[in-house]
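Inspection log for the structure reproduced underneath, given as structure tokens.
In the UniProt record's numbering, the protein residues as written are 1 to 407.
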């Protein structure tokens, strides 16, 4: 169902501007949902189909993606409004990403950094983007997760993203200084505190069902939950000596799309969904990505993957004629390690949602509220045997590194 304002006249005006064709005529307009229930909690995505006649008299049919805010009566609407995620993404598509793309193009990088925006309408808080499906972009399997080839493509993409943002900030230092400070763990905001504490309590509840885990870690995890947002917030904080850039902020399997060759090998990757782009350390993107999206055997290569990203970022910055101070690999690994508390939170609370295959109701409030429906959903997340194996592996490591102690 199309919103009332999305008329043939509206889309015709947008397409005339985008294609620079004042004679373009829209002949037909229709739509269907672009995501299933539980696949996207932050926005409403609709695939719209347009049949139109450009100036040459031919008839074309193309599809586009309409992105809207969730309805104002949705439980999560208050949270997303507090973090201003919609206006942030509008500015990303309208201003920031085109400038970053131009910076990369100037240096000869040709891979797409973004889906083209047909229109960014700030008055309605909507965007209409090119549909990436006809360009043969598709998501990898979020449950099977990413092998090494898929992973390295994302790290190469993030290196370009991070490098372009560093150069953009040098050219226009005021552009990224206003709307990119808040993140999931912002201390001055409250919405995600309720979400993450609810998720973390569900994780503790699972740990307590396993005597070998409960005896060693339950008390420490109970102590952590009282300081959860502060500890996680410190992981996003940056100091003057830290490498700083704009991060994607929500980089995981479903927020990157791949093109494949005829043999099924991934060849290029494109990021989507920039509601949580934040000015911080690039290591924040790496922790989030590693903790949510990698196959177990790839995750075990974490130190080497940080090294891979480091050199990709360094090469890209050199190609962009970066003149600033760049850390040594040793310093960069330390900056990554200091943010490992993110994996305490993300790996143990977000990843079970991201690979969920169960049949409980995936309503947003069920992720974290202690209602009967919520508890049933949360407990079912930890029935995944692969998640259980990962928890068995990660808790001793985090404990040995001191990240389960008060700090």
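All C-beta atoms, glycine included, are put in the ideal place defined by N, C-alpha and C.
Cβ shell of residue i (< 7 Å), same chain only, five flanking positions each side left out
i, result
"residue 38", "Note on residue 38: pLDDT 46, under 50, position unreliable in the model; the coordinate value appears next. Around residue 38: 362."
"residue 103", "164, 167, 168, 320"
"residue 130", "64, 115, 116, 118"
"residue 215", "none"
"residue 211", "none"
"residue 373", "361, 366"
"residue 13", "none"
Contact set for residue i: own chain, Cβ-Cβ below 6 Å, skip 5 residues either direction
i, result
"residue 120", "90, 93, 94, 127"
"residue 111", "268"
"residue 86", "69, 125"
"residue 23", "55"
"residue 345", "232"
"residue 59", "53"
"residue 28", "51"
"residue 132", "115, 257"
"residue 385", "none"
"residue 18", "118"
"residue 387", "352"
"residue 75", "364, 365"
"residue 8", "26, 29"
Own chain, CB closer than 8 Å to residue i, minus 5 neighbours either side, in chain order
i, result
"residue 218", "204, 207, 208"
"residue 290", "299, 302, 305, 343"
"residue 265", "149"
"residue 136", "259, 260"
"residue 354", "142, 252, 253, 254, 292, 293"
Residue from the options whose Cα sits closest to the Cα of residue i
i, options, result
"residue 273", "72, 139, 75, 143", "139"
"residue 166", "253, 227, 101, 190", "101"
"residue 213", "364, 236, 394, 65", "394"
"residue 191", "157, 84, 277", "84"
"residue 180", "137, 280, 360, 196", "280"
"residue 237", "195, 346, 186, 313", "186"
"residue 231", "196, 355, 51", "196"
"residue 73", "384, 404, 365, 382", "365"
"residue 170", "375, 245, 313", "245"
"residue 371", "149, 383, 202", "202"
"residue 172", "137, 229, 149, 99", "99"
"residue 6", "134, 407, 369, 48", "48"
"residue 57", "26, 81, 76", "26"
"residue 183", "135, 387, 82, 405", "82"
"residue 288", "122, 348, 61", "348"
"residue 80", "271, 9, 189, 96", "189"
"residue 330", "242, 108, 224, 262", "242"
"residue 313", "247, 262, 354", "247"
"residue 228", "123, 391, 194", "194"
"residue 240", "178, 325, 15", "325"
"residue 113", "107, 251, 97", "97"
"residue 61", "263, 134, 71", "134"
"residue 375", "176, 200, 175", "200"
"residue 271", "88, 9, 157", "157"
"residue 108", "175, 389, 176, 318", "318"
"residue 177", "122, 88, 390", "88"
Test item: CB-CB of residue i and residue j under 7 Å
i, j, result
"residue 380", "residue 402", "no"
"residue 292", "residue 377", "no"
"residue 316", "residue 115", "no"
"residue 275", "residue 42", "yes"
"residue 226", "residue 249", "no"
"residue 235", "residue 322", "no"
"residue 2", "residue 31", "yes"
"residue 67", "residue 45", "yes"
"residue 356", "residue 198", "no"
"residue 404", "residue 220", "yes"
"residue 162", "residue 282", "yes"
"residue 311", "residue 332", "no"
"residue 251", "residue 285", "yes"
7 Å Cβ cutoff, residue i in contact with chain C
i, result
"residue 250", "Checking the listed chains, one finds no chain C in this structure; it contains a single protein chain."
Counting pairs of beta carbons, one from the region 331–344 and one from the region 299–307, are three or more of them closer than 8 Å? yes
Whether or not the region 141–158 and the region 280–296 are in contact is what I'm after, with contact meaning three or more pairs of Cβ atoms, one per stretch, closer than 8 Å; do they touch? yes
Which parts of the region 264–335 are runs of the beta strand (DSSP E), unbroken and 3 residues or longer, counting only runs that do not cross its ends? 266–271, 278–280
How about the region 146–161 and the region 246–259: do they share at least three Cβ pairs that are nearer than 8 Å? yes
At which residue ranges does the region 215–259 contain complete alpha helix (DSSP H) runs of 4 or more residues, listed in the order of the chain? Runs of alpha helix (DSSP H) with 4 or more residues, each lying fully within the region 215–259, are found at 219–225, 228–236, listed in chain order.
Kindly provide the ranges of any alpha helix (DSSP H) runs that are 4 or more residues long and lie completely inside the region 68–93, ordered along the chain. 77–82, 85–91
Of all the alpha helix (DSSP H) runs that stay within the bounds of the region 162–196, which reach a length of 4 or more residues? none
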